[in-house]
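Participant:
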Amino acid sequence: MIENPEIVVLNMRVGIIDLGSNSARLAVYEINGNGGYRPCCRMKKNIQLAQYIDGQGNISSSGIHQAVVSVQAFKNAGELYHVEHWAAAGTAAIRLAKNRTEVMRVLEQETGICFRVLSGEEEAWYGYLGVINTTEVKDAILVDIGGASTEIAHIRNRDFVNAISLPYGALTLSTKFAHLETPSQTEAIFQFIKSEMFKIPWLNQLSNLPVIGTGGTARAIGKIFNQTHQSKINRVDGTVVPRAVLEQIYEKIKSKNVKERKKLGKLSDSRAHIIHAGIAAIRALTSLTFADTFLVSGNGLREGLFYEYLFRDSTSSILHSVKEHSIHNLIRLFDIPIEATYRVADLADQLFEQLATIHELNSKHRDLMRSAVLLEMIGTFVNVEHYKEHTDYLIRSSHLQGFSQEEMLDISRVIIGNGQKPFKQLNLMMQLAKTLVYEAQANNANTTLHKGKNELTITCSTESEYKLTGTLESMSKDFFKQFGIGLRGVSACH
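Residue numbers (the UniProt record's numbering): 1 to 494.
#1: Output the distance between the C-alpha atoms of GLY78 and ASP335, rounded to the nearest integer angstrom.
#2: Along the chain, where does the beta strand (DSSP E) that runs through MET43 open and close?
#3: Considering only C-alpha positions, which residue in the set ILE327, ASN257, HIS386, THR457 is nearest to ILE395?
#4: Go through the region 225 to 306 residue by residue and report every complete run of the beta strand (DSSP E) that reaches 3 residues or more, in order.
#5: Kindly list the residues whose CB is nearer than 6 angstroms to the CB of ASP292, restricted to its own chain and excluding five residues on each side of it in sequence; keep chain order.
#6: Given this structure, state the Cα-to-Cα distance separating residue 495 from ASP478, to the nearest angstrom.
#7: For the beta strand (DSSP E) that contains GLU121, what are its first and last residues?
#8: Using a 10 Å radius around the Cβ and a threshold of 16 neighbouring Cβ atoms, would you call GLN420 buried or exposed?
#9: Can you find at least 3 beta carbon pairs, one from the region 154 to 174 and one from the region 285 to 304, that sit closer than 8 angstroms?
#10: Could you give the residue range of the beta strand (DSSP E) that holds ASN374?
#11: Under DSSP, the beta strand (DSSP E) around LYS87 begins and ends at which residues?
#12: So, for HIS399: in the same chain, excluding its five sequence neighbours on each side, which residues have a beta-carbon less than 8 angstroms away from its beta-carbon?
#13: So, using beta-carbon positions, are GLU102 and ILE53 closer together than 9 angstroms?
#14: If you draw a straight line from the alpha carbon of GLU252 to that of PHE290, how long is it in whole angstroms?
#15: Who does LEU96 pair with in a DSSP beta bridge?
#16: Three or more C-beta pairs closer than 8 angstroms, one from the region 378 to 386 and one from the region 309 to 322: is that the case here?
#17: Thinking C-beta only, is GLY90 closer than 9 angstroms to LEU118?
#18: Helix, strand or coil: how does DSSP classify HIS359 here?
#19: When the cut-off is 9 angstroms and only beta carbons count, does PHE177 lie next to chain C?
#20: Spell out a yes or no on whether the region 254 to 265 and the region 172 to 187 are touching, meaning 3 or more CB-CB pairs, one atom from each, closer than 8 angstroms.
#21: With the cut-off set at 9 angstroms, would you say GLY169 and ILE145 are in Cβ contact?
#22: Using 9 angstroms as the threshold, is the C-beta distance between CYS460 and ASN446 below it?
#23: What residue does the beta strand (DSSP E) around ILE458 start on, and which one ends it?
#24: Give me the Cα-Cα distance between GLY33 and ARG332, rounded to the nearest whole angstrom.
#25: How long is the line joining the alpha carbons of ILE215 and ILE16, rounded to whole angstroms?
#26: Between ILE279 and the rest of its own chain, which residues show a CB-CB distance below 6 angstroms, the 5 nearest in sequence each way excluded?
#27: My output table needs one value for ILE336: the three-state DSSP class, helix, strand or coil.
#28: Please report how far the alpha carbon of GLY486 lies from the alpha carbon of LEU351, in whole angstroms.
#29: Return yes when the Cβ of ILE31 is within less than 9 angstroms of the Cβ of MET12, no when it is not.
#30: Go ahead and pull the three-state DSSP assignment for ILE485.
#31: DSSP three-state label for SER412, please.
#32: Just to confirm before moving on: does the CB-CB distance between LEU267 and VAL143 stay below 9 angstroms?
#33: Does the beta-carbon distance from LEU305 to ALA87 come in below 9 angstroms?
#34: Please work out which residues of its chain come closer than 7 angstroms, Cβ to Cβ, to TYR308, disregarding the five sequence neighbours upstream and downstream, and give them in chain order.
#35: Could you pull out every unbroken alpha helix (DSSP H) segment of at least 4 residues lying fully inside the region 153 to 191, listed in chain order?
#36: I need the DSSP call for ARG105, collapsed to helix, strand or coil.
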């Protein structure tokens with residue numbers, strides 16, 4: 001049914017801690033007994049750990065205290081959520097600190113949580129793992145502008161090909177050029193980081209690939225874009241920013257002070273102070289590689305650590321089909337009858353084939369309809385009444401991965417059955433398949449379809465002709481309106 005890494009089925013919660021150079025973050029994931037999973041808690045602390053590195057290269061006692069207090073708060077929250085397993089990682093600020101061993105010792109001693117200090121390439125790898133399992137991208141450049149480092153990776157045919165970590169992030173770049181006024185400072189950061197990127201041989205060989213951004217800077221760009229372009233999707237993940245628009249955002253940010261930056265994307269104080277440096281770095285990368293688009297990913301290192309745990313007993317930690325896996329996860333998460341749902345999807349496929357000469361839709365429409373069939377009933381988890389409205393909201397707002405924002409909107413259009421004629425035709429095919437499965441216990445084995453010149457004949461061996469005719473009668477008028485032919489039910493036993 002679905003070719004993906006095997007998931008260890010548990011009923012537990014996992015805590016992920018990312019102790020970054022600018023902020024510390026917690027994500028708690030719940031893994032249900034049926035294999036469905038979801039993030040159920042997120043917390044953030046703006047600790048700016050990189051600012052506590054002194055002239056000798058050590059994190060000061062005040063910085064260590066800040067880290068301990070933040071991690072202890074995360075642990076307290078984790079205990080309320082009954083976290084059974086912790087995966088905790090420290091990134092650039094700790095990696096660059098000369099006293100990192102002491103920092104890790106104190107953290108474990110004070111909180112009981114054991115941390116790993118990630119190398120630059122490991123940080124890039126986990127960012128890749130979080131992105132590749134939540135998007136269907138094949139070839140791209142991945143970038144994460146952290147507080148004290150920038151990770152860049154090359155993805156080719158979904159494989160992790162090259163990676164590098166530069167010891168400059170939005171926080172440290174802002175500090176390095178703090179002596180300059182805002183417009184000059186931003187431009188100086190752009191020129192400096194572009195020259196550093198130019199020194200990377202494999203990066204100079206890449207061009208015209210999309211750049212995927214993960215981390216706080218990327219999310220901020222997504223917020224600014226969605227605010228100015230009135231996005232219909234309630235999330236920044238999957239936001240596609242054309243290069244020309246990215247240039248416009250850069251020019252706006254360059255000339256504004258911190259208070260004015262906050263208003264652009266409803267940014268936090270800490271993000272508004274350093275966003276100009278992060279955007280300058282991303283502009284440098286897109287300029288160097290002639291990227292046409294910048295894609296915002298809401299997933300990264302924390303999700304990568306989670307997927308490593310989730311697939312720990314599998315042969316691969318990379319999903320074969322992100323879309324199929326994500327749909328199947330939502331079906332499990334919202335407790336939808338899996339067997340019946342896939343029977344409806346298979347029968348809808350058969351209807352699509354039989355009516356192909358009439359509707360003249362392509363394979364993308366077929367895939368769209370199948371996704372709509374599989375997701376239609378998730379809204380019943382909220383309320384059976386008006387469940388399609390709830391499904392529409394969940395598709396736009398929940399953790400449906402691998403689909404573009406426009407694809408999500410199209411799936412909702414098919415489910416609701418509004419908009420252009422193709423959406424209405426697809427909706428009618430899926431509703432007909434659903435009616436046959438739920439009311440006549442039909443499936444591909446006991447049901448045959450035949451399109452004649454003037455009608456579609458449905459032959460089913462499970463029901464009397466009278467009952468089957470009654471089941472289809474209410475749909476005949478709409479069917480003729482959309483496809484221009486009649487609809488007739490016949491019992492194979494008649």
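Glycine included, every Cβ here is placed at the ideal spot set by N, Cα and C.
Facilitator: In short, the structure shows the following:
#1: If I take the Cα positions, the gap works out to 25 angstroms.
#2: Residues 37 to 45.
#3: ILE327
#4: Listed in chain order, they are 240 to 242, 293 to 296.
#5: ARG243
#6: Nothing about residue 495 can be read from this structure; the chain reaches only from 1 to 494.
#7: Unbroken run through GLU121 is the alpha helix (DSSP H), 120 to 132; no beta strand (DSSP E).
#8: Exposed is the call here.
#9: The answer is no - the region 285 to 304 does not touch the region 154 to 174, with fewer than three Cβ pairs under 8 angstroms.
#10: Note on residue identity: the sequence assigns Leu, not Asn, to residue 374. Segment 363 to 375 is the alpha helix (DSSP H) holding LEU374; no beta strand (DSSP E) there.
#11: For the sequence presented, residue 87 should be read as Ala rather than Lys. Segment 85 to 90, the beta strand (DSSP E) holding ALA87.
#12: ARG38, PRO39, SER326, ASN329, LEU330
#13: No.
#14: As written in the sequence, residue 252 is Lys, which differs from the Glu given in the question. Distance between the alpha carbons of LYS252 and PHE290 is about 21 angstroms.
#15: Answer is none; LEU96 lacks a bridge partner.
#16: no
#17: yes
#18: Assigned with DSSP and collapsed to three states, HIS359 falls in helix.
#19: Looking for chain C here will not work: only one protein chain is present.
#20: yes
#21: yes
#22: yes
#23: 455 to 460
#24: 9 angstroms
#25: For clarity, residue 215 is Gly in the given sequence; the question names Ile instead. Between GLY215 and ILE16, the C-alpha separation is close to 15 angstroms.
#26: TYR250, ILE253
#27: In the three-state scheme derived from DSSP, where H, G and I count as helix and E and B as strand, ILE336 is classed as coil.
#28: 14 angstroms
#29: yes
#30: coil
#31: helix
#32: no
#33: yes
#34: Per the sequence shown, residue 308 should be read as Glu rather than Tyr. Taken in chain order, the residues that qualify are LEU129, SER317.
#35: 170 to 176
#36: Here ARG105 carries a helix assignment [DSSP, helix/strand/coil].
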